[in-house]
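Just below is one structure, and these are the notes that go with it.
So, in structure tokens, the structure goes:
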């Protein structure tokens, strides 16, 4: 079974790093723009921009540099720190898949056969 | 810094186990009732009951047994499987804190000094 394992880090002062923000950073790297990255997730430009702004303020240096122009203007790129944070987060996640495999298997083995049940309903 | 690490497991067919459901199971064990557990999290009884129902259907056997009565009626307890799932989940989480400590520290060390910034605003 392809269980997806997700890691979330809650730092102090309400600062949080999880799968959504990390995926957005990776998409910015791929697309070279905040708008393009947002579109990949069906996210309004403003929402993507606010997340980037939050990430940039969370850390001692920006994770994303927007170049020039306005909205769809100048493109954006990860800084060295942005790339580093993505790497460390993904590395932690990969470790978890290996290290907690025993516990995760032992939860999985008790799952009901999938599709047996409507899952959302309760009646 | 006391970073909180949270694990979420996405199985197939939209079935998911994460911190909310696990905390609810632990609260049911403490309170001996679904209503009591829900109250601890300021959760409506119906919401708590639906989560329990979802958990019970997710696995091959129920995780929670409600005893007798209606709403605040008869109390509830974890089954052996319920206790087992909680144990494995918490064990996986504890392993992560140990095993991914290096990556998490290396993310933490780049955080901005906390309280420096309004965090929610975007200036």
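Residue numbers (our numbering), protein chains in the order written: chain A, 3 to 125; chain B, 3 to 125.
Where is the CB? At the ideal position from N, CA and C, for every residue including glycine.
Bear in mind that the values here come from a model prediction, so they are computed numbers and not experimental data.
Identify, in the order they occur along the chain, each residue of the same chain with its Cβ nearer than 6 Å to the Cβ of residue 68/B, setting aside the five sequence neighbours on each side. Residue numbering aside, residue 68/B sits at position 66 when the second chain is read from its first letter. Cβ neighbours of residue 68/B beyond the five flanking positions: 78.
Alpha carbon to alpha carbon, how far is residue 20/A from residue 91/A? Give it in angstroms, no decimals. Working through the first chain from its first residue, we reach residue 91/A at position 89. Working through the first chain from its first residue, we reach residue 20/A at position 18. Near 9 Å, if we compare the C-alpha coordinates of residue 20/A and residue 91/A.
Would residue 205/B pass as an interface residue toward chain A - the criterion being a Cβ-Cβ separation below 8 Å? Since the first and last residues shown for chain B are 3 and 125, residue 205/B lies out of range.
Across which residues does DSSP place residue 68/A in a beta bridge pair? Within the first chain, numbered from 1, the residue matching residue 68/A stands at position 66. According to DSSP, residue 68/A bridges with 78/A.
Could one say the Cβ of residue 109/B lies closer than 8 Å to chain D's Cβ atoms, at least one of them? Judged by its chain identifiers, the structure shown contains no chain D, and its protein chains are A and B.
For the beta strand (DSSP E) holding residue 6/A, just list the boundary residues, first then last. Taking the first residue of the first chain as position 1, residue 6/A is located at position 4. Residues 6-12.
Check this for me: beta carbons of residue 50/A and residue 39/A, under 8 Å apart or not? As a working note, residue 50/A is residue 48 in the first chain. As a working note, residue 39/A is residue 37 in the first chain. In contact: residue 50/A and residue 39/A (Cβ atoms closer than 8 Å).
Assuming the contact rule is C-beta atoms closer than 8 Å, residue 103/A and residue 98/B should be a hit. Round their C-beta distance to whole Å, please. By one-based count along the first chain, residue 103/A stands at place 101. By one-based count along the second chain, residue 98/B stands at place 96. Contact doesn't hold; Cβ gap of about 12 Å is too wide.
What is the DSSP secondary structure of residue 18/A, reduced to helix, strand or coil? Locating residue 18/A in the first chain gives position 16, counting from the first residue. Strand, per DSSP.
How should residue 61/A be labelled, buried or exposed, when 16 other C-beta atoms within 10 angstroms of its C-beta is the threshold for buried? As a working mapping, residue 61/A is identified with position 59 in the first chain. Label assigned to residue 61/A: buried.
Please work out which residues of its chain come closer than 7 Å, Cβ to Cβ, to residue 24/B, disregarding the five sequence neighbours upstream and downstream, and give them in chain order. Position 22 of the second chain, counted from the start, is the residue given in the question as residue 24/B. The beta carbon of residue 24/B sits closer than 7 Å to those of 88 and 91, all from its chain and outside the five residues before and after it, given in chain order.
Under 8 Å, CB to CB, which of the residues in the region 28-41 of chain B have a partner in chain A? none
Can you check DSSP and say which residues form a bridge with residue 113/B? Against the second chain, residue 113/B aligns to sequence position 111. Per DSSP, the beta-bridge partners of residue 113/B are 61/A.
Residue 11/B to residue 113/B span [Cα, whole Å]: Mapped onto the second chain, residue 11/B falls at position 9. Mapped onto the second chain, residue 113/B falls at position 111. Approximately 27 Å, taken between the alpha carbons.
Is it true that the CB of residue 116/B sits closer than 8 Å to the CB of residue 94/A? Counted from its first residue, the first chain places residue 94/A at position 92. Counted from its first residue, the second chain places residue 116/B at position 114. Going by C-beta atoms, residue 94/A is not nearer than 8 Å to residue 116/B.
In the structure shown, what three-state DSSP assignment does residue 25/A receive? One-based indexing of the first chain puts residue 25/A at position 23. Helix, per DSSP.
Roughly how far, in whole angstroms, is the beta-carbon of residue 65/A from the beta-carbon of residue 58/A, given that I think they are within contact range, below 8 Å? What you label residue 65/A is simply residue 63 of the first chain in a count that begins at 1. What you label residue 58/A is simply residue 56 of the first chain in a count that begins at 1. Going by Cβ atoms, the distance from residue 65/A to residue 58/A rounds to 6 Å, so yes, they are a contact pair.
Is it right to say residue 84/A is buried, meaning 16 or more other beta carbons lie within 10 angstroms of its own, or is it exposed? Walking along the first chain from the start, residue 84/A turns up at place 82. Buried, because 16 or more other Cβ atoms sit within 10 Å of the Cβ of residue 84/A.
Run of the alpha helix (DSSP H) containing residue 38/A, from where it starts to where it stops: The residue labelled residue 38/A in the question sits at position 36 within the first chain. Segment 36-42, the alpha helix (DSSP H) holding residue 38/A.
Taking the C-alpha atoms as reference points, what is the distance between residue 26/B and residue 22/A? For the purposes of this step, residue 26/B is taken as residue 24 along the second chain, with counting starting at 1. For the purposes of this step, residue 22/A is taken as residue 20 along the first chain, with counting starting at 1. Distance between the alpha carbons of residue 26/B and residue 22/A: 24 Å.
Excluding sequence positions up to five away, which residues of its chain have a Cβ less than 6 Å from the Cβ of residue 29/A? To locate residue 29/A, count along the first chain from 1; it is residue 27. Correct list, in chain order: 39 and 42.
Would you kindly work out how many angstroms separate the C-alpha atoms of residue 118/A and residue 8/A, rounded to a whole number? Position 116 of the first chain, counted from the start, is the residue given in the question as residue 118/A. Position 6 of the first chain, counted from the start, is the residue given in the question as residue 8/A. With a pLDDT of only 47 at residue 118/A, under the threshold of 50, the placement of this residue in the model should not be trusted; the figure read from the coordinates follows. Distance between the alpha carbons of residue 118/A and residue 8/A: 25 Å.
Report the three-state DSSP secondary structure of residue 94/A (helix, strand or coil). As a first step, residue 94/A is located in the first chain; it is residue number 92 there, counting from the start. Correct three-state label for residue 94/A: helix.
Within chain A, partners of residue 26/B - CB distance below 9 Å: The residue given as residue 26/B occupies position 24 in the second chain. Near residue 26/B there are no residues of chain A at all, since even the closest Cβ is about 15 Å away, more than 9 Å.
Indicate whether at least one CB of chain B lies closer than 8 Å to the CB of residue 45/A. The count along the first chain starts at 1 and reaches residue 45/A at position 43. For residue 45/A, the answer is no, since every Cβ of chain B falls outside 8 Å of its Cβ.
Option nearest residue 32/B by Cα separation, candidates 13/B, 100/B, 80/B and 111/B: Here residue 32/B is taken as the residue at index 30 of the second chain, counted from 1. With distances taken between Cα atoms, residue 32/B lies closest to 80/B.
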